[in-house]
Structures are given as structure tokens and as C-alpha cells.
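Here the protein sequences line up with chains A and B, keeping their order. Reminder that position 206 of the first sequence reads as 1187 in this note's numbering, one-by-one numbering, no gaps. Reminder that position 223 of the second sequence reads as 1204 in this note's numbering, one-by-one numbering, no gaps. Just so it is clear, CB atoms sit at the ideal spot from N, CA and C, and this is done for glycine as well. The structure under discussion appears below in the form of C-alpha cells.
2 protein chains.
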Amino acid sequence: MDPVKVIEIKKSVFEDNDADARRLRKELKQKGVYLLNLMSSPGSGKTTTLIGILNLLKEKLRIAVMEADIDSDVDAVKIKEATGIPSIQLHTGGMCHLDAEMTRQGLSGVETEGLDLVVLENVGNLVCPAEFDTGAVKNAMILSIPEGHDKPLKYPLMFSVCDVVVINKIDVLPYFDFDMEKCKEYVHMRNPKAQVIPICAKTGEGVEAFAQWILEEVNNWKHN
Amino acid sequence: MDPVKVIEIKKSVFEDNDADARRLRKELKQKGVYLLNLMSSPGSGKTTTLIGILNLLKEKLRIAVMEADIDSDVDAVKIKEATGIPSIQLHTGGMCHLDAEMTRQGLSGVETEGLDLVVLENVGNLVCPAEFDTGAVKNAMILSIPEGHDKPLKYPLMFSVCDVVVINKIDVLPYFDFDMEKCKEYVHMRNPKAQVIPICAKTGEGVEAFAQWILEEVNNWKHN
């Protein structure tokens, strides 16, 4: 007995993922549903960050969450329990990323009617998810302090495709050799327009700034 | 002017990677070169751990290192500077893993004559590298404390294919909710025979145990 819905999604049959992603984006625009694609390494704190944001936004927006994972449903259960927000689990069957068709399969399990925002928590991976447009309006990523400030040098595409880079676990800054200014410089080498938001999901520090970014994004998109 | 050799490796043309990996393993056995495939998430401390091990083993074994990365050559330069051990950089051209043919292409840039051990530092990724046999004798992985003890639940294949799981950054255990006993239990759910070695690459704690594991591995393999 699963407390959350689990969908086994299949690899896309579409040759042209970019075209398919544009189609999905258009369909979602017509429904007024903003899709945010959240990416990161394993263990950077995506789920904890998401819980913080959802609790700040749930009175202002109607939200649903799709948790993509190779296996397990721990994240979807955690989100649902901690926020009360509808959350489903997508199993990728070993696939290391989601493409637009896989995202569409996931959305078929969500009651999108009347929703403002769907957050897709992508598979924990800094490589493959960056290569596949999911159909999201914007991409966000989380880099955590223990991973090191050099990551934009090593995973250039991920940092190029993200509009906002959230830097999590700033509470442990004293224990790691992480240079925040260098990190910002490297992020901006990859994407000069990327916003960088330092946070600590555990204590809640800075989480409001990320929630505010999302809220403004959704509102601007709805009225454009 | 690059201080280290950089090889741009291409996607494999072989349909059957498993057969190709077996072939490569056999070729290396004939040469007496033990290939160790080291995997982990981005930022778990693969390179720092490797530097510690190499400095402990370099008087006992003749070693070379291949650093695989999407881009940049920071790791190969760091290894060479910190250990004096021959180190080359493999650029995967966006590919998220190495297969056996890519590994063979990398090895073509290494002077394997007379070597005992080649360490392949795979692309930082807990998903795809687990799916492709590189031709290595054994797989090792590093999980770091900040990533969380639940990772074997979420990335089952990676933990199934690894013979040793090194748990790095134990110096920051007090600052994270990481349950070492749970982690070991989850690792052994995936692979009951996996050795778990807690270390701190930064301070050197426990690194000798990992070096010892490698030394025994290489020696046993040479004499069997």
C-alpha cells in the first residue's frame, strides 16, 4: 500500500525532444500551469529545499509536485507529509534524466486543473538532465556547499541552462573550503544572467528569497 | 599550453559493451595492469581521496591515473601536482559515463608498460556510470556524509556494482543528520559483500584502510 501515487515512466519515442518540449510548454501555457524543473546532484538538499518553499508558497499558489527517481518513493512521501501538497513519484526505470515526453507522462498523473505551479524534482544528476528540455518554463538548480565551488567549471551545461542557482547548506560554510565569490564568478561565466541565491534549507535561511523568485516568475508568466 | 595530456574520447561504436569490457579486462590481465574504476557524485571528494591514496601507494605500486570529466582539466593537474603520478585528462564530450571502448581510448594515452595499477576517476554521477562496465577489475565508490545515508535506496545499481563503498567527510558528521549504521545497512541491502570504509580525505583519517584494500586487491589479482 503506497501512500503516494507512483508512475513508471517510459523512455520517449520522440526523435525530436526539443520540438516536443516546446509543444508541452505551449499546452501548459494554455492551461495556465507553470512548470519548474529543479535539478541538482544527489544529496544536495532538493527535497528539503522544496519543503521549505512549498510551505511558504502554498497559501499563495496552487501547487503539485512530481518527484523523479530511479527507484524508491521516499521523496514523494516526505513532501506530502511535510507540506500536504499533492505529490507523485515518477520512476524512471533506470533512466538518468527526464525528457519532455516522460514529463508529460508524469503530468498525466497530476490533477493540473486549476493549478498554478508544478515543480518537477528531476533525477539527482548534474550531467544528463541538463541535456533534455523537459518542457519547463524555467530551470533551477541547487548546488550545496560540500560539493565545492568549482562545479560550474566541471558541469558547464547544467549551469548554462539554469536561470537560478540556489547554493544550499551555507550553515556548514565554516567546515568546507568553499569560496562563495569564486562560485558566483564561475556560475556567471556559464550564464551571466543566472541569479545566485545562498540558502540553508535546514534552518530556513534564505529560503524566502528563492520562494519569492518563484512567486514572481509564476505571476509574471501568467500575465505575459 | 596544457600541463597535462587531454584526450577527447568518443562514444563507443560497440553494440555489446559487456563483451568489449571482458575483452579489455583480459588484455589488461595479460599486461598485468589492474584497472580500478572510481565513481561518485560530483563533489564527494574523489580527487582528494585519490591524492591521499596515491601518496600512500606510490612507493609500493607503479600507478597512473585517468581523470574523466565532461570538461576542464583541473583534476588531472591537481593529481599530478600533488602526487607526481602520471595523470591524464579524458574529456567525454558531454557523455555522462565511460564505457569499455572509451576507457580503452583513454588507456591508449597512458604508458601502461610496467604499470601495476591504473585508477579511472569516472564522471561524477551516481546513475549512468553504474550501467556501463568499463573493463575495470573492481568498482569503488565514494559517498560523502553531506549526501545523506539514504543514497543506496535511491541509486540501487551504483551500490550493487561496487565492491567497496568509501564514506568520506566523516569530519563533518556532527553537522549532518547522517546515520552511519543505517547507511551500512542500506549498502549491504544492495550488495551484502561490499566493504564500507569511513574516511576523511581532508585530514587523512581512514585513508590508509582504503589504500590497504587496493594494495591487497592488486597483489591478490596479480598472483591469481
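Host beta strand (DSSP E) of residue i (start-end)
i: residue 1135/B; result: Counting along the chain, residue 1135/B falls outside any beta strand (DSSP E), though it belongs to the alpha helix (DSSP H) covering 1132-1135.
i: residue 1178/B; result: 1176-1179
i: residue 1119/A; result: 1119-1125
i: residue 1149/A; result: 1145-1149
i: residue 1066/B; result: Neither: residue 1066/B is in no beta strand (DSSP E) and is coded neither H nor E.
i: residue 1166/B; result: Per DSSP, residue 1166/B belongs to no beta strand (DSSP E); it is in the alpha helix (DSSP H), 1161-1171.
i: residue 988/A; result: 987-989
i: residue 1050/B; result: 1044-1050
i: residue 1102/A; result: 1098-1102
i: residue 1018/B; result: 1015-1021
Cβ-Cβ separation, residue j to residue i (assumed contact under 8 angstroms), whole Å
i: residue 1148/B; j: residue 1164/B; result: 7 angstroms
i: residue 1120/A; j: residue 1018/A; result: 5 angstroms
i: residue 1172/B; j: residue 1141/B; result: 5 angstroms
i: residue 1113/B; j: residue 1036/B; result: About 29 angstroms separates the two Cβ atoms, so there is no contact after all.
i: residue 1153/A; j: residue 1058/B; result: The Cβ separation is near 27 angstroms, so there is no contact.
i: residue 1051/B; j: residue 1137/A; result: 7 angstroms
i: residue 1161/B; j: residue 1146/B; result: Not quite, the Cβ-Cβ distance comes to about 12 angstroms (not below 8 angstroms), so this is no contact.
Inter-residue spacing [alpha-carbon to alpha-carbon] between residue i and residue j
i: residue 1204/B; j: residue 1069/B; result: 28 angstroms
i: residue 987/B; j: residue 1127/A; result: 27 angstroms
i: residue 1071/A; j: residue 1028/A; result: 14 angstroms
i: residue 1053/A; j: residue 1094/B; result: 45 angstroms
i: residue 1103/B; j: residue 1090/B; result: 16 angstroms
i: residue 1061/B; j: residue 1046/A; result: 45 angstroms
i: residue 1082/A; j: residue 1202/A; result: 23 angstroms
i: residue 1066/A; j: residue 1099/A; result: 11 angstroms
i: residue 989/A; j: residue 1188/A; result: 31 angstroms
i: residue 1139/B; j: residue 1025/A; result: 18 angstroms
i: residue 1014/A; j: residue 1144/A; result: 18 angstroms
i: residue 1185/A; j: residue 1169/A; result: 25 angstroms
i: residue 1049/B; j: residue 1109/A; result: 15 angstroms
i: residue 1199/A; j: residue 1097/A; result: 7 angstroms
i: residue 1003/B; j: residue 1086/B; result: 15 angstroms
i: residue 1117/B; j: residue 1129/A; result: 28 angstroms
i: residue 1079/B; j: residue 1040/A; result: 46 angstroms
i: residue 1020/A; j: residue 1084/A; result: 14 angstroms
i: residue 1193/B; j: residue 1155/B; result: 27 angstroms
i: residue 1064/A; j: residue 1032/A; result: 6 angstroms
i: residue 1176/A; j: residue 1191/A; result: 10 angstroms
i: residue 1167/B; j: residue 1157/B; result: 18 angstroms
i: residue 1006/B; j: residue 1115/B; result: 9 angstroms
i: residue 1076/B; j: residue 1016/B; result: 21 angstroms
i: residue 1034/B; j: residue 1009/B; result: 22 angstroms
i: residue 1044/A; j: residue 1044/B; result: 54 angstroms
i: residue 1088/B; j: residue 1197/B; result: 23 angstroms
i: residue 1178/A; j: residue 1030/A; result: 12 angstroms
i: residue 1101/B; j: residue 1042/B; result: 16 angstroms
i: residue 1038/B; j: residue 1131/A; result: 27 angstroms
i: residue 1092/B; j: residue 1159/B; result: 41 angstroms
Buried or exposed (CB count within 10 angstroms, at least 16 for buried), residue i
i: residue 1111/B; result: buried
i: residue 1183/A; result: buried
i: residue 1133/B; result: buried
i: residue 1000/A; result: exposed
i: residue 1012/B; result: exposed
i: residue 1174/A; result: exposed
i: residue 1150/A; result: buried
i: residue 983/B; result: In this prediction, residue 983/B has a pLDDT of 49, which is less than 50 and means its spatial position is unreliable; what the coordinates show is noted afterwards. Exposed, by the Cβ-count rule.
i: residue 1056/A; result: buried
i: residue 1195/B; result: buried
i: residue 1135/B; result: buried
i: residue 1074/B; result: exposed
i: residue 996/B; result: exposed
Interface flag, residue i vs chain C, CB-CB below 8 angstroms
i: residue 1156/B; result: Among the protein chains in the structure shown, which are A and B, there is no chain C.
Bounding residues of the alpha helix (DSSP H) (the contiguous stretch that carries residue i)
i: residue 1038/B; result: 1027-1038
i: residue 1083/A; result: 1081-1088
i: residue 998/A; result: 998-1012
i: residue 1190/B; result: 1188-1203
- Item | chain A contacts made by the segment 1116-1137 of chain B, where a contact means CB separation under 7 angstroms | 1125, 1127, 1128, 1129, 1131, 1132, 1134, 1135, 1136, 1137
- Query: Going along the chain, which residues of the segment 1083-1116 of chain B sit with their C-beta nearer than 8 angstroms to a C-beta in chain A?
  - Reply: 1104, 1105, 1106, 1107, 1108, 1109, 1112
- Query: the segment 1013-1044 of chain B: which residues have C-beta closer than 7 angstroms to a C-beta of chain A, in chain order?
  - Reply: 1022, 1023, 1024
- Contact list for the segment 1154-1182 of chain B against chain A, Cβ threshold 7 angstroms: 1156
- Task: Using a Cβ-Cβ cut-off of less than 9 angstroms, give me the residues of the segment 1047-1061 of chain B that come near chain A, in sequence order.
- Result: 1050, 1051, 1052, 1053, 1055, 1056
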